[in-house]
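Numbering (our numbering), first residue to last: 1 to 567.
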């Protein structure tokens with residue numbers, strides 16, 4: 001793996017980004033025989049040096065609370081992520097070097113990770129398939145444009161990805177949440193078993209609860225060990241139990257001998273040959289030295305994240321594409337989607353005082369979508385699912401007055417009651433007004449124009465959010481919980497779920513979409529985009545599995561097109 005390529009500047013393929021989709025593109029393209037350059041804007045990551053999942057707070061300089069002055073000065077946006085803390089902050093982008101703007105009344109949280117492995121080091125690892133309920137949704141209710149594919153087109157690629165990354169979960173036989181080749185599921189705890197049974201008893205299949213499907217091993221794979229439930233996955237995983245491109249796809253690509261990985265390579269723009277109607281090169285700025293260099297290849301895969309990939313195109317305007325490369329449809333940067341959250345409820349149980357959870361299971365439960373599967377909800381289209389889980393509460397003794405004696409000591413060590421939480425993740429409809437544009441004056445640390453992002457929830461999303469509280473309470477009531485408290489917090493800020501997508505959507509018509517059914521740009525045939533930018537609708541599921549499956553599918557198509565000399 002060559003980290004500073006100097007001699008060779010021409011390749012068969014260039015992949016921009018080394019995260020979930022960039023890693024998959026590197027693996028598939030190299031295994032299919034292409035000499036592939038992966039350009040990563042950030043630094044290399046060493047698990048031995050940078051991972052810290054086995055460190056306790058007392059081993060940290062700031063006892064796990066972080067250097068408040070540094071974080072407030074450099075990571076005002078990134079610190080809003082639930083995965084951000086003292087020993088993961090180095091995996092998140094510096095907001096001062098990488099600025100963006102929003103309207104004052106429309107905040108947007110853009111969480112980024114610039115390093116080899118990208119956000120695959122800190123992702124939530126939940127992986128759910130989309131179904132034809134999702135792929136047909138836009139056509140059914142008239143939102144956006146129709147997906148150019150259906151479930152049958154992507155199902156074999158879901159299989160391929162899941163078999164490689166390792167997904168633990170339960171097969172439930174739901175047509176709207178298809179099963180895959182699962183590893184053994186992680187177990188429910190005693191409270192979750194009870195809640196699952198009561199929901200099944202009350203709703204008889206109309207609603208159900210399963211264990212979270214996650215890209216975390218419960219049985220070994222070559223070079224990777226099963227999860228040992230240590231807990232802080234967002235700080236890294238030296239056992240390689242959870243899937244990341246750093247631990248899995250990039251090593252597979254390296255094993256072919258055809259991978260060149262170049263960190264500290266900030267992509268400024270793509271070069272375009274109008275005579276051939278092809279991408280002729282990728283313009284790179286060395287993040288450390290400031291040196292500018294251009295690399296060439298027969299095909300280019302943009303896998304830099306939905307917002308960054310759109311930014312690259314918007315900053316690559318030409319006389320033919322004055323509003324951004326491959327943007328004859330005027331859809332690049334538009335249709336930003338995320339998942340709305342912070343709706344749900346919590347309740348407690350008096351039972352199982354003699355039981356406690358063992359270890360820190362790295363997933364929770366999942367309640368698949370149950371709205372608008374048959375009967376139409378009067379207030380909104382699409383739907384949502386719940387994630388969450390059960391745990392023992394805080395120590396009862398933490399609220400005691402000072403005392404003495406055996407009884408007092410016993411109360412000090414007594415755990416609080418079991419509680420159950422449901423938190424909703426709702427679908428967002430595509431809306432062309434939710435868009436990113438190039439800021440007229442603001443630039444990043446490398447003098448590349450920054451983005452201005454304007455995105456807000458629509459009434460459909462807000463109606464979904466309101467319904468989350470209602471149905472979460474219903475689920476807890478069915479389970480016999482007490483002290484049920486619906487969430488009083490307002491909806492999440494767009495972007496905060498870290499599922500931003502849709503900025504260069506796939507479609508059936510080059511007039512209304514950026515990419516065709518194989519993630520190939522309509523306007524420039526040697527350009528492919530397979531990160532979240534390509535999504536035509538958001539579904540309500542965590543989207544990363546779909547990104548990876550689309551990437552694998554697009555790579556095989558691209559190589560076949562190269563062989564046929566169509567590119």
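We put the CB at the ideal spot given by N, CA and C, even for glycine.
Every value quoted in this text rests on a predicted model; they were computed, and no experiment measured them.
Please report the distance separating the alpha-carbon of residue i from that of residue j.
i: residue 316; j: residue 345; result: 46 angstroms
i: residue 160; j: residue 181; result: 9 angstroms
i: residue 382; j: residue 507; result: 20 angstroms
i: residue 154; j: residue 59; result: 46 angstroms
i: residue 35; j: residue 555; result: 13 angstroms
i: residue 55; j: residue 276; result: 55 angstroms
i: residue 157; j: residue 84; result: 32 angstroms
i: residue 350; j: residue 391; result: 13 angstroms
i: residue 543; j: residue 499; result: 7 angstroms
i: residue 234; j: residue 90; result: 11 angstroms
i: residue 109; j: residue 404; result: 50 angstroms
i: residue 457; j: residue 255; result: 45 angstroms
i: residue 3; j: residue 558; result: Its pLDDT being 45, under 50, residue 3 is placed unreliably in this model, and the value from its coordinates should be taken loosely. Distance between the alpha carbons of residue 3 and residue 558: 26 angstroms.
i: residue 231; j: residue 420; result: 19 angstroms
i: residue 535; j: residue 408; result: 58 angstroms
i: residue 287; j: residue 265; result: 6 angstroms
i: residue 8; j: residue 297; result: 11 angstroms
i: residue 88; j: residue 76; result: 15 angstroms
i: residue 410; j: residue 481; result: 26 angstroms
i: residue 168; j: residue 244; result: 15 angstroms
i: residue 197; j: residue 357; result: 19 angstroms
i: residue 571; j: residue 453; result: For residue 571 there is no data in the structure shown, the boundaries of the chain being 1 and 567.
i: residue 149; j: residue 493; result: 30 angstroms
i: residue 201; j: residue 476; result: 13 angstroms
i: residue 389; j: residue 417; result: 14 angstroms
i: residue 247; j: residue 295; result: 26 angstroms
i: residue 1; j: residue 261; result: Bear in mind that the predicted position of residue 1 carries a pLDDT of just 43, short of 50, making it too unreliable to give a figure here.
i: residue 183; j: residue 128; result: 14 angstroms
i: residue 186; j: residue 496; result: 27 angstroms
i: residue 220; j: residue 162; result: 14 angstroms
i: residue 487; j: residue 442; result: 38 angstroms
i: residue 447; j: residue 267; result: 11 angstroms
Rounded to the nearest angstrom, how far is the Cβ of residue i from that of residue j, given a contact under 8 angstroms?
i: residue 115; j: residue 43; result: 5 angstroms
i: residue 242; j: residue 274; result: Between residue 274 and residue 242 the Cβ distance is about 45 angstroms, and since that is not below 8 angstroms, they are no contact.
i: residue 278; j: residue 526; result: 5 angstroms
i: residue 45; j: residue 117; result: 6 angstroms
i: residue 30; j: residue 258; result: 4 angstroms
i: residue 423; j: residue 387; result: 6 angstroms
i: residue 282; j: residue 16; result: 7 angstroms
i: residue 569; j: residue 209; result: A query on residue 569 cannot be resolved here, the shown segment of the chain reaching from 1 to 567 and no further.
i: residue 21; j: residue 501; result: The pair is not a contact, with the Cβ atoms about 11 angstroms apart (cut-off 8 angstroms).
Buried or exposed, going by whether 16 or more other CB atoms sit within 10 Å of the CB of residue i?
i: residue 560; result: exposed
i: residue 67; result: exposed
i: residue 65; result: exposed
i: residue 483; result: exposed
i: residue 341; result: buried
i: residue 301; result: buried
i: residue 427; result: buried
i: residue 432; result: exposed
i: residue 206; result: exposed
i: residue 375; result: exposed
i: residue 308; result: buried
i: residue 334; result: buried
i: residue 173; result: exposed
i: residue 564; result: exposed
i: residue 471; result: buried
Who does residue i pair with in a DSSP beta bridge?
i: residue 341; result: 425
i: residue 384; result: 426
i: residue 452; result: 101, 437
i: residue 272; result: 279
i: residue 39; result: 16, 262
i: residue 216; result: 242
i: residue 293; result: 284
i: residue 521; result: 515
i: residue 373; result: Looking at the DSSP assignment, residue 373 forms no beta bridge with any residue, so it has no partner.
i: residue 389; result: 421
i: residue 174; result: 177
i: residue 482; result: 348
i: residue 221; result: 224
i: residue 11; result: 297
i: residue 367; result: 386
i: residue 527; result: 300
What are the start and end residues of each continuous beta strand (DSSP E) run of 3 or more residues lying completely inside the segment 117-149, in chain order? none
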